[in-house]
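Visitor: The working numbering puts the sequence shown at residues 4 to 457. Note that beta-carbon positions come from the ideal geometry of N, C-alpha and C, so glycine has one too. The structure displayed is predicted, hence computed values, not measured ones. Got a structure here, written out as structure tokens. Questions coming.
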Amino acid sequence: MKKIICMIMIVTVFIGAMPLISYGDKYVDFIDVKIEQNKELNETVRLFSEYGFYIYEKDRKDRDVLDIIDTEIHILGNYADDIEIYSVDGLLITTIPGDGSVIIGSQDENNSIIKVDENRYRDYITFLINGNSVIIINHIYIENYLFGVLPREIPASSAADALKAQAIIARSYTHTTLNKHRSEGYDLCSTTHCQVYGGYEWEHPATNQAIIHTYGEYIAYDGQIINTPYHSNSGGHTESSEKVWGGKLPYLVGVQDKFSMNSPNSSWSIKLTPGELGSKLSTNGINIGDVKDLEIIETTSSKRVEKVKIIGTTGEEVITGEKLRSIIGANDLKSTLFSIDKEGSSNTKKVYVLDGSGQGPKEVGLSGMNIVDGNNKTTVSRNLSNRVRGNETTTDIEGALNVQARTFTFQGKGYGHGVGMSQYGAIEMAKLGYNYEEIIKHYYNSVEIINLGK
Ligand SMILES: [Zn+2]
């Protein structure tokens, strides 16, 4: 009961002072978020509301066009691109267009909660028909949307100022990414592609409090609200935007980040065999056989891998670290801040030589080795193939020693693209007593926090 009263207060406060933020040439307060799996036209979606339903035109939420006293209704899309609304007994109550222009709310206007099949959402539900699919949309006030985002994006048990920093960042990010799904008829999806959104089901008092406390606050650079990407753990150094996405931005500049050093995924490793790696490459259109060797050929100033050369049994390829991460899997190769240990490769194989006076043996590396034969002819290693040339024949040392790697171990640090705020770094900073403004200014260069809501 206490929780319900609290929620009613929240909604009342927000509706009393909604900030209207300019987005392009229009002002935004409600957004359309795709939720749940799409349904087929003949699949029923069940909606529940303790207080019955109101049906509104999306642009005229001040007056309902129909009220339905049933607490459960069933929704079906049809081939005429309409949405049919049925009672539990199967009686057709009404039909609304399947273009999202008509929305369904609860009759409890102060605290509209609608359950869609198994999950509850605030505000309104609407539907888009696209071919044979029904897309389920939560038409929701932005601050209420953030209630369902924060606990999915950061542990609700984190120190309060880390939650407040995350709230302002999620709010700014939302406002600057609203065009992501415009061509599909809605604003945002509810996965990591946009921000993970779990609806009312996931709300937590601590994250709700952080959103309420920072109401109206945004991150701005040069007076404009900015896109504020964030990630799980920087591994010790954040990355500049141009190294990941190609666009240089003065506020997304890599910084030293000691706060991220002792938390989940600060360091990790994964092992892959040449065969496993070869097959992952091949499913991504890179057909170079089994992988014989991997070589990091370029890193950024924060030591993230920019380019890696892959030498296979039937060819070789140079790709970016980000591409390798997506090929191996972004949850396995958790960041591009990694080094590669090659068990059984030329890196670990030891070769000893005796010099002309019989002194030695002396250990030499295979890479870049020059061999002089009896006629003083010099052979320089070519690529990674180191050869011994005699008077008559040429011997490939790599082949002779069978130095092909048996496993590649990626030793890495951090989790995510590394741009903007490191969430585990922010959590550590908050624990150490930094406030949310200090946390934000550590991760975003030369920004200010502006308040548009109070
Ligand atoms: Zn998305």
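Alpha carbon to alpha carbon, how far is residue 290 from residue 284? Give it in angstroms, no decimals.
Guide: Cα-Cα distance, rounded: 7 Å.
Visitor: Can you list the alpha helix (DSSP H) stretches of 4 or more residues lying completely in the region 91-164, in chain order?
Guide: If we require 4 residues or more, the alpha helix (DSSP H) runs fully inside the region 91-164 come out as 145-156.
Visitor: Per DSSP, which one or two residues make a beta bridge with residue 83?
Guide: According to DSSP, residue 83 bridges with nothing at all.
Visitor: Pop quiz: residue 345 and residue 411 are said to be a contact at Cβ under 8 Å. What is the actual Cβ separation, rounded to whole angstroms?
Guide: Sure, about 6 Å apart at Cβ, within 8 Å.
Visitor: Is residue 196 close to ligand 1? I mean its beta-carbon at under 7 Å from any heavy atom of the ligand.
Guide: Residue 196: yes, Cβ under 7 Å from ligand 1.
Visitor: Is any non-hydrogen atom of ligand 2 found closer than 7 Å to the C-beta of residue 184, if you look at the structure I gave you?
Guide: Among the ligands in the structure shown, ligand 2 does not appear; only ligand 1 can be found there.
Visitor: Which partner residues does residue 227 have in the DSSP bridge list?
Guide: Answer is 224.
Visitor: Is residue 222 near residue 160, with beta carbons less than 8 Å apart?
Guide: Not in contact: residue 222 and residue 160 (Cβ atoms no closer than 8 Å).
Visitor: Would DSSP call residue 248 helix, strand or coil?
Guide: Here residue 248 sits in coil by DSSP.
Visitor: Under 7 Å: does the beta carbon of residue 191 sit that close to some heavy atom of ligand 1?
Guide: Yes; taking the cut-off as 7 Å, the Cβ of residue 191 has a heavy atom of ligand 1 nearer than that.
Visitor: Going by beta carbon distance, what residues of the same chain come within less than 7 Å of residue 325, once the five residues before and after it are set aside?
Guide: Hits under 7 Å: 247 and 339.
Visitor: Within the same chain, show all residues whose beta-carbon is closer than 8 Å to that of residue 109, passing over the 5 residues directly before and after it, in chain order.
Guide: Cβ neighbours of residue 109 beyond the five flanking positions: 52, 53, 54, 55, 56, 57, 115, 116 and 117.
Visitor: Can at least three beta-carbon pairs, one atom from the region 66-76 and one from the region 222-239, be found at a separation below 8 Å?
Guide: Judged by Cβ distances under 8 Å, the region 66-76 makes no contact with the region 222-239, as fewer than three pairs qualify.
Visitor: Taking the alpha-carbon positions, what's the residue 84 to residue 42 distance?
Guide: Their Cα atoms are separated by approximately 14 Å.
Visitor: In the structure shown, what three-state DSSP assignment does residue 440 receive?
Guide: Residue 440 falls in the helix class under three-state DSSP.
Visitor: Could you pull out every residue in the same chain whose Cβ sits closer than 7 Å to the Cβ of residue 101, ignoring the five residues on either side in sequence?
Guide: Correct list, in chain order: 80, 84, 85, 86, 130, 131 and 132.
Visitor: Beta carbon of residue 190, beta carbon of residue 35: below 8 Å?
Guide: Against a cut-off of 8 Å, the Cβ pair of residue 35 and residue 190 comes out as a contact.
Visitor: Under 8 Å, do residue 265 and residue 418 count as touching if we go by C-beta distance?
Guide: Not closer than 8 Å, so no.
Visitor: Between which two residues does the beta strand (DSSP E) containing residue 434 stretch?
Guide: Unbroken run through residue 434 is the alpha helix (DSSP H), 426-434; no beta strand (DSSP E).
Visitor: Could you round the C-beta distance between residue 433 and residue 162 to whole angstroms and report it? I think they count as a contact, below 8 Å.
Guide: Correct: roughly 4 Å between the Cβ atoms.
Visitor: Just the Cα atoms here: how many angstroms apart are residue 456 and residue 128?
Guide: Roughly 26 Å between the two C-alpha positions.
Visitor: Report the CB separation of residue 38 from residue 124 in whole angstroms; it is logged as a contact under 8 Å.
Guide: So it is a contact: roughly 6 Å between Cβ atoms.
Visitor: For residue 319, which of helix, strand or coil comes out of DSSP?
Guide: Strand at residue 319.
Visitor: Would you kindly work out how many angstroms separate the C-alpha atoms of residue 236 and residue 446, rounded to a whole number?
Guide: The alpha-carbon atoms of residue 236 and residue 446 are separated by roughly 12 Å.
Visitor: Buried or exposed: where does residue 91 fall if 16 or more other Cβ atoms within 10 Å of its Cβ makes it buried?
Guide: So residue 91 ends up on the exposed side.
Visitor: Along the chain, where does the alpha helix (DSSP H) containing residue 454 start, and where does it finish?
Guide: From DSSP, residue 454 is part of no alpha helix (DSSP H) but of the beta strand (DSSP E) over 451-454.
Visitor: Could you give the first and the last residue of the continuous beta strand (DSSP E) run that contains residue 415?
Guide: Element bounds for residue 415: 410-415.
Visitor: For residue 302, which of helix, strand or coil comes out of DSSP?
Guide: Correct three-state label for residue 302: strand.
Visitor: Who pairs with residue 35 in a beta bridge, going by DSSP?
Guide: Note: residue 35 sits in a beta bridge opposite 142.
Visitor: Nearest by alpha-carbon distance to residue 139: which of 198, 33, 304 and 47 is it?
Guide: Closest by alpha carbon: 47.
Visitor: Tell me which residues share the same chain as residue 429 and place their Cβ nearer than 6 Å to its Cβ, disregarding the 5 neighbours each side in the sequence.
Guide: Counting only Cβ-Cβ distances below 6 Å, and skipping sequence neighbours, we find 165, 168 and 442.
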